[in-house]
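Residues 1 to 375 (UniProt numbering) are what the sequence shown spells out, left to right.
We put the beta carbon where it would ideally sit given N, CA and C, even for glycine.
Below is one structure, written out as structure tokens, with a few remarks after it.
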Amino acid sequence: MKIAIVCYPTFGGSGVVATELGIALAERGHEIHFITYKQPVRLELLGNNIHFHEVHVPEYALFHYQPYELALSSKLVDTVKFYGIELLHVHYAIPHAYAGYMAKKMLQEEGIFIPMITTLHGTDITLVGKHPFYKPAVTFSINKSDVVTSVSDALKKSTLETFAIEKEIEVIPNFIDTSKYKQDYTDCQRSLMANDDERIITHISNFRKVKRIPDVISVFHKIQKEIPAKLIMVGEGPEKEFAEQQCDDLGIKEKVVFLGNSTEIDRILCFSDLFLLPSESESFGLAALEAMINKVAVISSNTGGIPEVNKQGVSGYLADVGDVDEMAEKALEILKKDEILEKFKENAFKMASKYDILNILPMYEEIYEKAFKYR
Ligand code: GMT
1 MKIAIVCYPT FGGSGVVATE LGIALAERGH EIHFITYKQP VRLELLGNNI
51 HFHEVHVPEY ALFHYQPYEL ALSSKLVDTV KFYGIELLHV HYAIPHAYAG
101 YMAKKMLQEE GIFIPMITTL HGTDITLVGK HPFYKPAVTF SINKSDVVTS
151 VSDALKKSTL ETFAIEKEIE VIPNFIDTSK YKQDYTDCQR SLMANDDERI
201 ITHISNFRKV KRIPDVISVF HKIQKEIPAK LIMVGEGPEK EFAEQQCDDL
251 GIKEKVVFLG NSTEIDRILC FSDLFLLPSE SESFGLAALE AMINKVAVIS
301 SNTGGIPEVN KQGVSGYLAD VGDVDEMAEK ALEILKKDEI LEKFKENAFK
351 MASKYDILNI LPMYEEIYEK AFKYR
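Printed below as a string of structure tokens:
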């Protein structure tokens, strides 16, 4: 199939999922066209069946806000016509489903029928999309999609609770390519980050409020009082400066490393012992899954789709949002003894293996076939 994938090209989970999906589909012989404003961060190789088309939005002084949706839908129309694209898969409803639907209607005027699949990822529903400013447009564009998928049961449930949805929502969980993790890293440089007697705790996110970064620091603060430990913070976002200040105030600055954004998170996760994800809301928790496949145990909140990924007492522990005492207590239970830590690490890897791309990709191919009925 010739498939256009629309996504955010940045470090967010939805862009990562869209990119990895496109790469895997291309490996299976599909022709993939990524359409977005910048080359996606995890898209390294372009070739015969992986293309990237950049959406340009020229600045014009009259516009206070540049009309990205308009530029995107025009780019979609042109690319579909030029390359004979047969199917449109948009990731993250805002504004991609809206722009995709406009493109679909424009193409229809010219006698070209193209089905559109919308994958809901999380904050497009739980945070941004439900805002009254966006809600009517989000509801409309979900209902106008030919097929709608969500990355977890929890996200499907909250979509149905929040919006007046007439379409069936199919759950297709996020995934990872387990073949990349078959052998241990020979260049896993743990000694660069910590002493032998220290446990390494990691957090990776976009440092937005929803991630509850102060809870990450508080949990670590409690852990390091009991055992030698380092905290590695990966990512960039509005909460980062506050977090740096919090570490300073708590006197733990020397034990916390802020690494910024990284395209090589596996190189960090390979020497991590525990991953912290205390989010306020999380539709799936791809970062936790990526930690688990690297044999990292997880302490998380029990919100949204996280319990579908991190299993209580198996791959780690879950606690109520904001319960930093419980999170720290459970973290210490895992970290204090080598044998217990090893058991959780192995379990985390086993749990994550269930989300291998080879199990998930056929689900997408199946819904693509289904979507063709709407042509
Ligand atoms: O984590 C974020 O805030 C980024 C966001 C995105 O859309 O890029 O992530 C959402 O989609 C990911 C991929 O499906 C999920 O794993 C994340 O749980 C979800 N984030 C939230 O729901 C907060």
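_Could you check if Gly237 belongs to the surroundings of the ligand GMT, using beta carbon to heavy atom distance under 6 angstroms?_
Translated into positions along the sequence shown, residue 237 becomes position 237. No.
_Among Asn49, His30, Ile5 and Ala288, whose alpha-carbon lies nearest the alpha-carbon of Tyr37?_
By 1-based counting over the sequence shown, the position of residue 37 is 37. The shortest Cα separation from Tyr37 among Asn49, His30, Ile5 and Ala288 belongs to Ile5.
*Answer yes or no: the CB of Asn206 versus the heavy atoms of the ligand GMT, is any distance below 6 angstroms?*
For the purposes of this step, residue 206 is identified with residue 206 of the sequence shown, where counting begins at 1. For the ligand GMT, at least one heavy atom lies less than 6 angstroms from the Cβ of Asn206.
*Between Lys345 and the rest of its own chain, which residues show a CB-CB distance below 8 angstroms, the 5 nearest in sequence each way excluded?*
Walking along the sequence shown from the start, residue 345 turns up at place 345. Cβ neighbours of Lys345 beyond the five flanking positions: Asp273, Lys295, Val296 and Ala297.
*Excluding five sequence neighbours on each side, which residues of the same chain lie with their C-beta closer than 8 angstroms to the C-beta of Lys370?*
The sequence position of residue 370 within the sequence shown is 370, counting from 1. Correct list, in chain order: Val147.
*asked:* Quick check: the Cα distance between Ser205 and Gly235, rounded to an integer number of angstroms?
replied: Residue mapping note: residue 205 aligns to position 205 of the sequence shown, counting from 1. Residue mapping note: residue 235 aligns to position 235 of the sequence shown, counting from 1. Spanning the two alpha carbons is a distance of roughly 5 angstroms.
*For my contact list, Glu31 and Lys2 are in at a C-beta cut-off of 8 angstroms; report their separation, rounded to the angstrom.*
The residue you call residue 31 lines up with position 31 of the sequence shown. The residue you call residue 2 lines up with position 2 of the sequence shown. Right, the Cβ-Cβ distance comes to about 4 angstroms (below 8 angstroms), so this counts as a contact.
*Can you round the beta-carbon distance between Phe207 and Ile293 to whole angstroms, since I take them to be within the 8 angstroms contact cut?*
Mapped onto the sequence shown, residue 207 falls at position 207. Mapped onto the sequence shown, residue 293 falls at position 293. Incorrect: roughly 23 angstroms between the Cβ atoms, too far for contact.
_Can you tell me whether Asn174 sits near the ligand GMT, meaning its C-beta is under 6 angstroms from at least one heavy atom of the ligand?_
Your numbering for residue 174 matches position 174 in the sequence shown. Yes, the beta carbon of Asn174 sits closer than 6 angstroms to at least one heavy atom of the ligand GMT.
_Contact test: Thr123 Cβ vs the ligand FMN heavy atom, cutoff 6 angstroms_ = As far as ligands go, the structure on display features the ligand GMT and does not contain the ligand FMN.
*Who does Tyr368 pair with in a DSSP beta bridge?*
For the purposes of this step, residue 368 is taken as the residue at position 368 of the sequence shown. Bridge partners of Tyr368: none, in fact.
_Any heavy atom of the ligand GMT closer than 6 angstroms to the beta-carbon of Ser141?_
Along the sequence shown, one-based indexing puts residue 141 at 141. For the ligand GMT, not one heavy atom lies less than 6 angstroms from the Cβ of Ser141.
*asked:* Do Ser283 and Val151 have their beta-carbon atoms positioned less than 7 angstroms apart in this structure?
replied: Indexing the sequence shown from 1 puts residue 151 at position 151. Indexing the sequence shown from 1 puts residue 283 at position 283. Contact: yes.
*From what residue to what residue does the beta strand (DSSP E) around Arg199 run?*
In the sequence shown, residue 199 corresponds to position 199, counting from 1. It spans Arg199 to Ile204 - the beta strand (DSSP E) in which Arg199 sits, taken as one unbroken run.
*Is the number of C-beta pairs between the region 314-329 and the region 213-226 that are closer than 8 angstroms three or more?*
yes
*Count the other CB atoms, across all protein chains shown, that sit within 10 Å of the CB of His91; report buried if there are 16 or more and exposed otherwise.*
To locate residue 91, count along the sequence shown from 1; it is residue 91. So His91 ends up on the buried side.
*From this set, Arg42, His33, Thr10 and Tyr68, which residue's C-alpha is nearest His51's C-alpha?*
Counted from its first residue, the sequence shown places residue 51 at position 51. His51 has its Cα closest to that of His33, out of Arg42, His33, Thr10 and Tyr68.
*Is Leu286 near the ligand GMT, in the sense that its beta carbon is under 6 angstroms from a heavy atom of that ligand?*
Within the sequence shown, the letter at position 286 stands for residue 286. Leu286: yes, Cβ under 6 angstroms from the ligand GMT.
*asked:* Less than 7 angstroms between CB atoms is the rule here; does Val298 satisfy it with respect to chain C?
replied: Considering every chain present, this structure includes no chain C. It has just one protein chain.
*asked:* For Pro278, tell me which candidate among Val324, Tyr8 and Phe258 has the shortest Cα-Cα distance.
replied: The residue labelled residue 278 in the question sits at position 278 within the sequence shown. Comparing Cα positions, the closest option is Val324.
*How many angstroms separate the CA atom of Thr119 from the CA atom of Lys157?*
Numbered from its first residue, the sequence shown carries residue 119 at position 119. Numbered from its first residue, the sequence shown carries residue 157 at position 157. Cα-Cα distance, rounded: 14 angstroms.
*Could you check what DSSP says for Ile293 in three-state terms: helix, strand or coil?*
Position 293 of the sequence shown, counting from 1, holds the residue named residue 293. Note: Ile293 maps to helix in three-state DSSP.
*What first and last residue would you give for the beta strand (DSSP E) that runs through Tyr68?*
As a position in the sequence shown, residue 68 is number 68, starting the count at 1. Tyr68 -> not in any beta strand (DSSP E); alpha helix (DSSP H) instead, spanning Tyr68 to Tyr83.
*Straight-line CA distance for Ile357 to Asn49?*
Taking the sequence shown and counting its residues from 1, one reaches residue 357 at position 357. Taking the sequence shown and counting its residues from 1, one reaches residue 49 at position 49. The alpha-carbon atoms of Ile357 and Asn49 are separated by roughly 19 angstroms.
*Just how far apart, CA to CA, sit Ile306 and Ala243?*
The sequence position of residue 306 within the sequence shown is 306, counting from 1. The sequence position of residue 243 within the sequence shown is 243, counting from 1. Cα to Cα, the separation comes out at about 23 angstroms.
*If you compare alpha carbons, which of Lys373, Tyr368, Ser353 and Pro362 is closest to Ser179?*
Mapped onto the sequence shown, residue 179 falls at position 179. It is Ser353 whose Cα lies nearest to the Cα of Ser179.
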